[in-house]
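First to last, the protein sequences are chains Y and L.
Residue numbers are given in this note's numbering: position 241 of the first sequence equals residue 601, and the series is strictly consecutive.
Residue numbers are given in this note's numbering: position 76 of the second sequence equals residue 1504, and the series is strictly consecutive.
Worksheet: one structure, shown below.
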Amino acid sequence: MAEAATNLKTFVPPAELPRAPIVENNRGPGWLTDKLASFAEGKTPLWWWILFIPAVFGAAVLLPAMLIYQISTGVGVWGNNQPVAWGWDIINFVWWVGVAHAGTLISAMLFLTRQHWRTTIGRATEAMTVFSVMMAGLYPAIHVGRVWFAWFMFPIPNSNGLWPQFRSPLMWDVFAVNTYLVVSILFWYLGLIPDLAVLRDRATTRVRKFIYGFLAMGWIGSARHWHHYEKAYVVLSGLCTLLVFTVSSIVGLDFCTSQLAGWHATIFPLYFVVGAVYCGFGMVLVLLIPLRKLCHLEEIITPRHMDRICKLTLLSSLAIGYIYLMEYFIAWYSGDPYERWVFGHRLFGHTYWYGGWIMIVVNVGLAQLLWFKRVRQNLKLVFLIGVLINIGMWFERFVIIVGSLYQDFLPANWGVYFPTWVDICTYLGTLGAFFTMYLLFIKFLPLVAIAEVKGALPQADPEHPLGGAKGGRS
Amino acid sequence: MTAKYYGLMAEFDSPAAILGAAEKVRAAGYRRWDVFTPFPIHGLDQVAGFKNSLVGWFALLFGGGAFVATMGLIWFSNAFDYPLIVGGKPMFSPPMSFVPSYIMMVLGAAVGAFVGMLALNGLPRLHHPLLQKARFALASRDKFFLVIGANDLKFSETETRRLLESLGGTHIELVEA
């Protein structure tokens, strides 16, 4: 005590509390390499086929059949009508873009904030981002009706001498979604390069050696390689972080620049970002909880990591709750009768009142269970919450889009909207395509970033006793 | 001899060992040497004497170029080549052009960072002399390799080998070019 008092003059920082290790049971880099590469190398388990066959049915039968039918017949096969010109197509577009966002947030933002635990889940969530942006991008393309003119959206010189109209946020969206797709693929691939080299070096057959060798592009992990690689990774993380905030903002601008009551609100860009991240965390829970069990990754994706994702989910649910509250407040405070009408009818109208309640009860209410540690530790329950968040967030988009369109300013113009079987089957098809790609990813590529996890171990720190340092940290 | 061989390769067990060895190799006056590790090791950049990576400049150049090019495209297409009155909005104005230009800047910078990383690392590369060595496969697993190039002015098969041995390197092998 006396010593501490004298130390007040010459400040001695308190001893660093040991951080909980990222990987349990003090596993070393060799064990981790074997473990993390094993799923891409080993025999395909039965559960993989059980999941893959229905998914591939959706991807290879249902989705192409629906696309061919819709493209050859016209958008009339969907439930879209006047006044509800945006239906399941745009709902699902916004939903899929939203799912993508949590992956980018986890891999890019948590990287910049040096959250080392994200190394264990970053790869799996980035893959989720890439595949869900693909599914999102499909919808606006087929929604235009005459898909063969979809290239009009790009500034390509053509014989009509026409150009895209850049004053429209819908045009910005084209750029945003395509950029998001390309950048998230680049980021994902950049992270994969050292791990593809791991698989190349471990390959036992010529075919595997050739394919992984080709994809690894000659990576040999020299100091110079890592030097430039780390810089590129930081730069791409920063850029992806920008995208977390901008892509969904631009999707939000699609809505809020229109004059429609229920859409015309300045909070929309932020609203869509927060909603996107929240929905994405729901999907992360849905994917990771079974994955860590089925692929035996409990020591790497530990309950502590799941706990942190739950906390982030809870945080984003609070943010979305605040935004819902603001939306209702502004609708009341604006004094605009149309705004008040729309928001009143979200909860107490006819036809779609249930959507408004699902959105509030699930997205704001249910997620509050995550305050309790016992809930967060019960991964079956958390999985269920994740599924429900995805459904709740789907209904949020339904309420925003259909709920604002079906009864606008003129009662003569009112109508109702119901999806057709084509709407439903197209959505199921995109789910199938997403899970097909995801299952192929976990089968053929390392689903945890091998080099990154190893780099975050104490064994990788040259100043740590486990990293070979003599005498330990000074 | 220098044409026949790529260099001498030694294996180390821990990040601290490879870092210490790299420091001593540099102190011994070698300049053409490199370290191969399964993950980046902090402190190695300083030992190897790397300056700030140029990847950031690639990103800036590509990103800035994309921003300016998109602004120019919007001005050219919407205000010059085919002016179109939409909602009484100006033909060209920075706020409406900013969003797509900004998004294209992110795209350009991302491509720049990726391309810059590959270009500065000399990738993609179909083959590397070190990949002939069976033990080098462990460089992506849990071993750390130090290679002194045969093109180093100080390189001598016996002297360099002795140095690597004294640093605690194991499985010292001569790598053919």
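Glycine is no exception: its CB is placed at the ideal position from the N, C-alpha and C atoms.
- Under the three-state reduction of DSSP output, L/H1599 falls in the strand class.
- Annotation: Cβ neighbours of L/S1505 in chain Y (cutoff 8 angstroms, chain order): P515, W523, P524 and F526.
- Proximity of the segment 630 to 649 of chain Y to the segment 666 to 678 of chain Y meets the contact definition, three or more beta-carbon pairs being nearer than 8 angstroms.
- Interface with chain L (7 angstroms Cβ-Cβ cutoff): Y/K591 is included.
- The C-beta of Y/S764 has 16 or more other C-beta atoms within 10 Å across all chains shown, which makes the residue buried.
- Per DSSP, Y/W713 lies in no beta strand (DSSP E) segment; the continuous alpha helix (DSSP H) that holds it begins and ends at W713 to I720.
- Chain-ordered, the chain L residues with CB closer than 8 angstroms to the CB of Y/V558 read P1466, S1568 and R1569.
- Looking only at Y/N538, Y/S694, Y/W754 and Y/A397, the smallest Cα-Cα distance to Y/W511 is reached by Y/N538.
- Interface flag for L/S1442 against chain Y is set, since a Cβ pair is found closer than 7 angstroms.
- With a threshold of 7 angstroms between beta carbons, L/S1594 makes no contact with chain Y.
- At a cut-off of 7 angstroms, the C-beta of L/F1583 has no neighbouring C-beta in chain Y.
- With respect to the 7 angstroms criterion, Y/P389 and Y/K814 are classified as neighbours on the basis of their beta carbons.
- The beta carbon of L/R1454 sits no closer than 7 angstroms to any beta carbon of chain Y.
- Within 8 angstroms of the CB of L/F1478, the CB atoms of chain Y belong to A583, R584 and H587, in sequence order along the chain.
- Just measuring C-alpha positions, the residue of L/N1579, L/G1536, L/A1444 and L/L1548 sitting nearest Y/L599 is L/G1536.
- Rounded to whole angstroms, the separation of the alpha carbons of Y/G792 and Y/L423 is 8 angstroms.
- For Y/V634, the closest alpha carbon among the candidates Y/F514, Y/F795 and Y/L672 is that of Y/L672.
- At a cut-off of 4 residues, the continuous stretches assigned as alpha helix (DSSP H) that sit fully inside the segment 1452 to 1521 of chain L are 1472 to 1476 and 1483 to 1502.
- The CB of L/G1544 comes closer than 9 angstroms to the CB of H588, K591, A592 and V595 in chain Y, given here in chain order.
- At least one C-beta of chain Y is nearer than 7 angstroms to the C-beta of L/N1549.
- DSSP places Y/I627 in the coil class of the three-state scheme, outside both helix and strand.
- For the segment 529 to 541 of chain Y, the beta-carbon criterion of a distance under 9 angstroms to any beta-carbon of chain L is satisfied by P529, M531, W532, V534, F535, A536, N538, T539 and Y540.
- The residue from Y/R560, Y/W448 and Y/L406 with its alpha-carbon nearest to that of Y/P779 is Y/W448.
- In terms of CA proximity to Y/F547, Y/V595 leads the group Y/N518, Y/L556 and Y/V595.
- Rounded to whole angstroms, the Cβ separation of L/A1567 and L/Y1433 is 19 angstroms, and the two are not in contact under 8 angstroms.
- With fewer than 16 other CB atoms across the displayed protein chains lying within 10 angstroms of its CB, L/G1500 is exposed.
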